[in-house]
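What follows is a set of notes on a single structure, which appears directly below.
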């Protein structure tokens, strides 16, 4: 007798990659899964949904793509008609009901609500789905600058919710600024006192957080650090940017390495990655051979030597 649990079925969403990204050239190891997408949409709904239907929107967001545990992620290049896609999805929900009648029925109801798009919850989830896809496309554009994700920018104009529409326009502004910056700069080395500048900026949302981070001597999250760095780079008129004080942790270095942004405009990107990797290796000497200051000093000497060489050899 077949024994399949609904948990076994739905857990496959963690392994099912979003094939649209794969077809763009994103490596499977870096590609967003259907489960990651759905959980991101659900969490973003928490931020945008009004209290009166927040719970309903979050539930709908979490379930809106569960059929893909059975059908896989169907993309336009598969040349599958809308009718056939619908038939496959209907069969998937029939399977869910066979595995677990109560849960399967609820999942089918949520899918029907999402597809009909007639409720406030469904309207919101459709908008969040577009915003999350836009965010992800911008993230991949920075990480893989040789791949083209520009057609995802159109998602920003299709969002109906006013707050989300405005936020999507902000994503487009940052994306366009990033594209202009990547054409201008030949080499970037990284950070210095930018965090303190951000802390002193009158309208910064992170003043209290950064003050506490400095007081406790705890490094800031890599995501925040990279956003501050990107903003600073966009304002730099120079071909070579060197800012001391980064990375302070391996996590910060790993976040920078994920961007791979420098590859778009420097044939010497390999030298930069090698130098940053050297900094990473130096971290492992702290416990037995010296202090953080020792590591900073040694790395700074090596970095400045590399920067002087590159500054003299880059064509302007």
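Residue numbers (the UniProt record's numbering): 1 to 316. Yeah, the Cβ is synthetic: ideal placement off N, Cα and C, and Gly gets one too.
query	result
How many Å lie between residue 20 and residue 215 at the Cα?	44 Å
Given this structure, state the Cα-to-Cα distance separating residue 49 from residue 161, to the nearest angstrom.	10 Å
Give every residue of the same chain whose Cβ lies closer than 7 Å to the Cβ of residue 322, excluding the five residues on either side of it in the sequence, and list them in chain order.	Here the chain comprises residues numbered 1 to 316, so residue 322 is not present and cannot be evaluated.
Hey, is the region 194 to 202 in contact with the region 220 to 229, meaning 3+ C-beta pairs nearer than 8 Å?	yes
Here's a check: name, in chain order, each residue in its chain whose Cβ is nearer than 8 Å to the Cβ of residue 72, leaving out the five neighbours to either side.	16, 19
Helix or strand or just coil, what does DSSP make of residue 116?	helix
Taking Cβ to Cβ, would you say residue 158 is nearer than 8 Å to residue 139?	no
Going by DSSP, what residues sit across from residue 39 in a beta bridge?	BP columns for residue 39 are empty, so no partner.
Against chain B, with Cβ distances strictly below 8 Å, would residue 212 count as a contact?	Among the protein chains of the structure shown there is no chain B, as only one such chain exists.
Since residue 97 and residue 86 should fall inside the 8 Å C-beta cutoff, what is the C-beta to C-beta distance between them, to a whole number of angstroms?	Between residue 86 and residue 97 the Cβ distance is about 17 Å, and since that is not below 8 Å, they are no contact.
Give a single yes or no on whether residue 86 has its beta carbon closer than 7 Å to a heavy atom of the ligand NAD.	Absence of the ligand NAD from the depicted structure is noted, as is the absence of any ligand whatsoever, leaving it without description.
Do you know how far the Cα of residue 37 is from the Cα of residue 53?	21 Å
Is residue 33 helix, strand or coil by DSSP?	strand
Pick out whichever of 33, 31, 79, 68 has its Cα sitting closest to the Cα of residue 91.	68
So what does residue 17 bridge to, in DSSP terms?	33
Please identify the residue among 66, 154, 27, 3 whose C-alpha is closest to the C-alpha of residue 14.	66
If you draw a straight line from the C-alpha of residue 244 to the C-alpha of residue 218, how long is it?	Any answer about residue 244 is weak, because its pLDDT of 44 lies below 50 and its placement is not dependable; what the coordinates show is given next. Going from the Cα of residue 244 to the Cα of residue 218 covers about 18 Å.
Where does residue 318 land, buried or exposed, given buried means 16+ other C-beta within 10 angstroms?	Outside the modelled stretch of the chain, which goes from 1 to 316, sits residue 318, for which no answer is possible.
Tell me whether residue 3 sits in a helix, a strand or coil according to DSSP, three-state version.	coil
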